[in-house]
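Here the structure is laid out as structure tokens; the discussion comes afterwards.
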Amino acid sequence: MSEQLGIEAYAAYLPAYVLEHNQLDATGLPRPGGPTRGVAAFDEDSVTLAVEALRHVAGATPEGRQLLLATTSAPYDAKTAAGIVHEALGLDPGVAAVDLRGHRSGATALDLVLRAGASAALADVRQTRPGAPDELAQGDAAAAFTGGTGAATLLARAGHTTEVLERWRLPGERTDRIWDERFTADILVAAGREAAGRALVDAGLDAVDHVVVSSSNARAAATLRRALGGAGEDARIERAAGFTGAAHPGLLLAATLDIAEPGQTVLLVSATEGADAFVLRVGDGVRAARGGASVRDQLAARQPLGYGRYLRWRGLLDVQGPARPAAPAPAAPPMHRRAGWKFRLEGSVCDACGTVTTPPSRACAACGIVAEIPGKRISLRDQVARVVSVTTDHLTTMPEDAVDIVVADVEGGGRLTAYATDVPAGSVAVGDAVRPVFRRLWTTDGIHNYFWKLRPQEDNR
Amino acid sequence: MGTKRMTHDVAIVAMGCTPFRDHWNSSADDLLVDAVTECLAALPEVQLADVDAFWVGTQGSGMSGQTLARPLRLVGKPVTRVENYCATGSEAFRNAAFAVASGAYDVVMATGVEKLKDSSQAGLSAVYPPSDGTDVDWTAPAGFSLLAPAYQQAHGVGDRDLRSALTHVAVKNHANGSRNSRAQFQKAIAPEVVESSPKIAGPLGVMDCSGVSDGAAAAILVRAEDAYKYTDKPIFLRGMSFVAGSGAGLAADGYDFTTFPEVVLAAQQAYEQAGVSDPATEISLAEVHDCFTPTELVLMEDLGFSERGKAWRDILDGRYDLDGALPVNSDGGLKSFGHPIGATGLRMMFECFTQLRGEAGERQVPDARLAVAQNLGGQPGSCVAFVAVLGTEPSTREEVGG
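In order, the protein sequence lines correspond to chains A and B.
Going by the numbering used here, the residue at position 144 of the first sequence is 182; the numbering climbs one at a time, nothing skipped.
Going by the numbering used here, the residue at position 5 of the second sequence is 13; the numbering climbs one at a time, nothing skipped.
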């Protein structure tokens, strides 16, 4: 680790869907210019969001570092979600995998990236009751960072802990409870101002080029932005994406790094359960430091989602499914034996003829030659594939009327049979280009079944 | 038989087949007893105790040879349970045939059964071993529907033409089933009924899918040289092949979903044994695995009945209709006769047996001499395939190589 502290690389991941209204009875037009929220698809959770964000930046995380997953919506209690992300990224076993929980965990993860060189995903799926006042003001997203100095260096940081009952949720509950935001805003604004002031003094700065404020309390965020002289670009991002929980300081920082010029300064304040403030100087390598598409491009590429479909995806509307048994739960030993395939989409490469066999097999699917153990492996997860044939399953057990299933050939070798995702049923055609994305197929018997799906290749992403 | 000639040729001397339908008041045991009883009744001088060995095929309606030994209270008999997806009934037949061909037994029985309707699910059911959860959890129609867009793409067939060909398969097989009192659906249907049925997978609607039913079937096999001791109308097994696919079609690139390579190979081997060089003109009728309408379309090419890329046209021209040049699924097929998995392969044999004996009544194919029974299981890209050629005459051992 170098003496200098900061961010080496970063990426944001925004799900493909945007919810623009939440009217159960759509008798009138939605309020124009109102907030919209990003919505994770039915097959996404904080683990899959984290994988999609980190896969672009964290591949080379060295042994001895930590992989952190900060979230308020972990898919398991007790089981470490970061371990699943670690496996999907194919990181060295010497990299520790750790979950950070709670609203403040996003800022804490960023702190550990900046000061300890960790790799981190800040990922969250935000859930309110249908019709809650802030339903459209919450959102789902992930941001990922690795330690280093390519994107930014840390000039100063400050933290301020305040115990306050602001947003909370009991184990097993699905939605946060909220105290009167006028009371908690006062607490958070005071904490934010205090932390920001100290960080700026330590950095020796009177003013910065970019002020970025993230807060679990929208009123506090607005007040702090005004008080710290922010231009409001962070508010515009938030109005489109929603407040994304533990991911939020990361998402807003990523959106800022997308547009900041080398040498500029950034003040990031995260005001939740106290406050964390970071002063950064944007690095010369900031343009190259981004993995994947910019936050703004991803926001622009989203497809509108109907409110009824959103409710069904979230299990908030109990809809009659097909007369089919639930998809079976995976079993632990085969998942462990075939982790390379399941989590990293690895095929085996034939020593004799070079054919890629999926799932990996001792015997080549083309020539039948039996490989030495262990055979050569190749990961297909970052490759483009072409659809060979496709069908639409109208009896799917997923919370959709129909889902496309495709067989696709990977450029460079290998065949994948998988569910299509982020695309309307019936719209995939033979010859289309698709690429793998890590998703949650289904949950049966309390076991989340993660595997790869295929998503249409976008030109701009 | 594999690709080699068996030591002894084999003949079918009696068969039985229950109606295929919702047998709410019959168990798998009852259905097996019914099929075996009908089969034995055809040979008054043969008793159950005279049968030396038994095979029973079932995918999920029973475990072990006791699936048959228990309902029939067989005493001291070898009974083997086999399973090979939807080709399970054919697999029972194949192993029984080997047993008499080897000389190990004089008289054997092949049976098949499935009880699908006791669950509350429509569609086929199966239990799979614990897995890593990475397989697509698709329905059978979804897997087979992959044939449609791939076939269109490969052969430049328009949506309307393909739809019309698939519809014709369904309409034809229901028309045939309407002439068969054992069929699950004995009602002719209009094209509009097929095309307006609720969609199941891709272009396939409910009426593109085979009937899900309960049923059983049975056959008694002996060495060909002994056949006339039992009946004056034995039917001879002229060729038989079975291929369990390697699954390469789903595990590596290259397979294009317009064919079942396993069927092509099995057909080649069965035809060679039977001395058939031009199946399109030499075969009198065929029972094929029309689990879904695109399956029958592709099989017409895989079995050598139509040129590659031309089956859709031949189907529309009526070539495979009951009064066409090569009637296919004269009993209604899986589509309208129904598909109790373990019984289906033997049901196909039953129709070939009935037709070749000239006993098919109003659906009789004139002058039927050679029949093909083709049965498969799994899905395109990863299937098991069986093809048999049955004939009214025994093979002349000199004329067939091996």
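Heads up, the beta-carbon is just placed ideally off N, CA and C, and yes, glycines get one too.
For residue i, which residues in chain A fall below 8 angstroms Cβ to Cβ?
i       : result
S221(B) : Within 8 angstroms Cβ-Cβ: nothing; S221(B) doesn't reach chain A, min ~17 angstroms.
Y136(B) : P366
For residue i, decide whether its Cβ has a neighbour in chain A, counting only Cβ atoms nearer than 8 angstroms.
i       : result
L384(B) : no
G253(B) : no
D261(B) : yes
S153(B) : yes
A302(B) : The sequence shown places Pro at residue 302(B), rather than the Ala named in the question. So, not an interface residue.
Y93(B)  : no
S128(B) : yes
A158(B) : yes
Q277(B) : no
F268(B) : no
F28(B)  : no
T239(B) : no
For residue i, which residues in chain A fall below 7 angstroms Cβ to Cβ?
i       : result
A393(B) : Under the 7 angstroms cutoff, chain A gives no residues; its nearest Cβ is about 18 angstroms from A393(B).
Y236(B) : None at all; the shortest Cβ gap to chain A is about 45 angstroms.
A256(B) : A403, A404
Q161(B) : V468
Is residue i close to chain B, meaning its C-beta is less than 8 angstroms from at least one C-beta of that chain?
i       : result
T435(A) : yes
V426(A) : yes
V394(A) : yes
T455(A) : yes
H94(A)  : no
P372(A) : yes
N487(A) : yes
R376(A) : yes
G451(A) : yes
D431(A) : yes
L479(A) : yes
A369(A) : yes
Suppose you measure from the CA of residue i to the CA of residue j; what does that come to, to the nearest Å?
i       : j       : result
L229(B) : V115(B) : 6 angstroms
M9(B)   : S427(A) : Its pLDDT being 46, under 50, M9(B) is placed unreliably by the model, and nothing is read from it.
Q495(A) : V177(B) : 37 angstroms
A50(A)  : A180(A) : 6 angstroms
D17(B)  : R231(B) : 6 angstroms
C391(B) : G385(B) : 5 angstroms
E449(A) : A423(A) : 6 angstroms
V440(B) : G326(B) : Residue 440(B) lies beyond the residue range present for chain B, which begins at 9 and ends at 410; the question has no answer from this structure.
T303(B) : A191(B) : 20 angstroms
F316(A) : T166(A) : 30 angstroms
P131(A) : I122(A) : 12 angstroms
V43(A)  : W480(A) : The question names Val, yet the displayed sequence has Leu at residue 43(A). Approximately 40 angstroms between the Cα atoms of the pair.
P209(A) : R139(A) : 12 angstroms
Q341(A) : L311(B) : 47 angstroms
Y2(B)   : A227(B) : Nothing about residue 2(B) can be reported from this structure: the residues present for chain B run from 9 to 410 only.
Residues of chain B with a CB under 7 angstroms from the CB of residue i: which are they?
i       : result
I443(A) : V144, W146, A150
G484(A) : The premise fails here: G484(A) is roughly 13 angstroms from chain B at the closest Cβ pair, so nothing lies under 7 angstroms.
S399(A) : A259
L192(A) : Here the premise fails: no neighbours, minimum Cβ distance about 41 angstroms.
Going by the DSSP bridge assignment, what does residue i pair with across the sheet?
i       : result
V413(B) : The first residue shown for chain B is 9 and the last is 410, placing residue 413(B) beyond what the model contains.
S390(B) : Q387(B)
R195(A) : F316(A)
W63(B)  : T88(B), A118(B)
L492(A) : A458(A), P474(A)
R415(A) : S386(A)
V249(A) : L305(A)
P342(A) : V56(A)
W480(A) : N487(A)
R231(B) : V18(B)
W206(A) : R215(A)
Which residues in chain B sit within 9 angstroms of residue i, going by Cβ to Cβ distance?
i       : result
W379(A) : D140, T142
List the residues of chain B that residue i touches, going by C-beta distances under 8 angstroms, in chain order.
i       : result
L500(A) : No information on residue 500(A) is available, as it lies outside the stretch 39 to 499 that chain A covers here.
L138(A) : Ordered by position in chain B, no residue passes the 8 angstroms Cβ test against L138(A), which lies about 27 angstroms from the chain.
Since residue i meets chain A, which of its residues come closer than 9 angstroms, beta carbon to beta carbon?
i       : result
D264(B) : V426, S427
Between the stretch 207–219 of chain B and chain A, which residues of the former have a C-beta closer than 7 angstroms to a C-beta of the latter?
K207, I208, A209, G210
At a CB distance below 7 angstroms, what residues from the stretch 53–72 of chain B approach chain A? Give them in sequence order.
none
With 8 angstroms as the limit, tell me which residues of the stretch 340–367 of chain A have their beta carbon closer than that to any beta carbon of chain B; keep them in chain order.
A361, R362, P363, A365, P366, A367
Going along the chain, which residues of the stretch 320–331 of chain A sit with their C-beta nearer than 7 angstroms to a C-beta in chain B?
none
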